[in-house]
Every structure is written in C-alpha cells, then in structure tokens.
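Residue numbers (my numbering): 12 to 215. Here's the structure, in structure tokens; my notes come after.
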Ligand code: ATP
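Structure follows, in structure tokens:
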C-alpha cells in the first residue's frame, strides 16, 4: 500500500513529516509520496516559487527511506487538481491500494473538491485526527458511510476512509511564514536543512 500526501508545502514543516510518519506506521505503508501542488486551485497563490517549494520538500524527505517526492503535478503544469493526480497514480500503480493522507481540516472541505466522488473511486482516504478535531456536516456523513477498520483497507484499491489519531503538533506553514517575515526565529518548527534554505533564500 502506498500513501500520498499532497500539499502546498510553503514551506514543508515537522507537522507534515510527523503526519506522514505516523500514518505510514499505523497503516504499514511501503512508501509515502509527497506531492507538492504546482498551482493549488483552492487557495491563493503560494508565496515561495514552485522551484523553492520543491527544493524544500526534497531536502525534508531525503533522510527517510520510506519517503519520496512525486513531481507529477509539476510535470503536468497548470492547476493541480487532486483528481488528475489520483487518476495518474492509479494508471501507474494498477490495482494497488493507494491512501490519500490528509488532516481533518482538509477533509472537512473535501466534498467541495473537484470530482471528489471520482477521487474516492481512485484512492482510500486516511484522515489524521487530533483531540477535539471532528468531521463536520457532509464530511461527517461521508465518513460514517465509508469508514472501515484498518485491516480492510488492503482488501480494496480505493473507496474507504479511515481515521488515524496522531500526535498534535500545532505547526502551520502560515505561522512559519509570519515568523520569518517579521524576522523571528523559525528554528525547531521544520527540518534544519529546510530552515536554513528558507533563511538563505529570504523566501518569506
Ligand atoms: P498553510 O498554513 O499555508 O495553510 P499548512 O501548514 O496547513 O499550510 P498544507 O501544505 O496546506 O500545510 O497542508 C498539507 C496537508 O498537511 C493537509 O492535509 C493538512 O491537513 C496537513 N497538515 C498541515 N499541518 C499539519 C499539522 N501540524 N499536523 C497534521 N497535519 C497537518
């Protein structure tokens, strides 16, 4: 089973890495592919260039043999619709189960994503939860309809949803950008190499 973690990664931080690591361990994933969005369609344009965001993701994952960077959204160009990414991964991986990893904040907006039903036909979802995080409205209904025990994920290539409690790390890229822009320290919120990279290139 392969996991994928999409994100703007503007910049990638320890919250993302710990999310990937805990889900990988909980589901015994062979690999987690980090898929940086070239042009995120659901939010304003990233601050750092695509080139810099990709460079930071590469630095962040290099020392974990289970992590890799997947650049298909950069190769495709244009708006990075997750449905297109999942369809292309499905073409590549045949019938292998694929798990799209996301935080509860992202899942609560999932039914507003383009072609979300089609996405569920292509991949499973792993929703990382922290104490107090709850699925709301349509997301809660979807979770109730599709949720399954961990062991059943491997029995189908796609279509199931699992919740995974993870360690709460209250780190966001927004906060890191704000700290950096106001000349404050960003150390210990992201990998050392990434922290040095964003400082060296004055990214935020
Ligand atoms: P921003 O602050 O710019 O919105 P972000 O830090 O939330 O960025 P994204 O690239 O938007 O990062 O997030 C990618 C994925 O990582 C999303 O599924 C999100 O839920 C998850 N995520 C982000 N930060 C954390 C965190 N601290 N703990 C767990 N999951 C996280």
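Note that CB positions come from ideal geometry on N, CA and C, so glycine has one too.
Quick check on residue i: buried or exposed, where buried means 16 or more other Cβ atoms within 10 Å of its Cβ?
i, result
"residue 113", "buried"
"residue 76", "exposed"
"residue 199", "exposed"
"residue 16", "buried"
"residue 40", "buried"
"residue 73", "exposed"
"residue 188", "buried"
"residue 89", "exposed"
"residue 152", "exposed"
Starting from residue i, follow its DSSP beta bridges and name the residues at the other end.
i, result
"residue 158", "172"
"residue 109", "13"
"residue 136", "111 and 172"
"residue 80", "45"
Distance, Cα to Cα, residue i vs residue j?
i, j, result
"residue 175", "residue 147", "16 Å"
"residue 104", "residue 57", "30 Å"
"residue 64", "residue 182", "17 Å"
"residue 201", "residue 45", "16 Å"
"residue 106", "residue 165", "11 Å"
"residue 117", "residue 211", "31 Å"
"residue 59", "residue 215", "7 Å"
"residue 160", "residue 177", "16 Å"
"residue 194", "residue 158", "44 Å"
"residue 203", "residue 126", "38 Å"
"residue 18", "residue 156", "26 Å"
Measure how close the beta-carbons of residue i and residue j come, nearest whole angstrom, since I'm counting them as under 8 Å.
i, j, result
"residue 169", "residue 120", "In fact, because the Cβ distance is near 20 Å, the residues do not count as touching under 8 Å."
Is any heavy atom in the ligand ATP found nearer than 7 Å to the beta carbon of residue i?
i, result
"residue 180", "yes"
"residue 5", "Only positions 12 to 215 of the chain appear in the structure, and residue 5 is not among them; the question remains open."
"residue 20", "yes"
"residue 183", "yes"
"residue 135", "no"
"residue 24", "yes"
"residue 163", "no"
"residue 146", "no"
"residue 89", "no"
"residue 74", "no"
Counting contacts by CB-CB distance shorter than 8 Å, is residue i in contact with chain D?
i, result
"residue 57", "Of the protein chains in the structure, only one exists, and it is not chain D."
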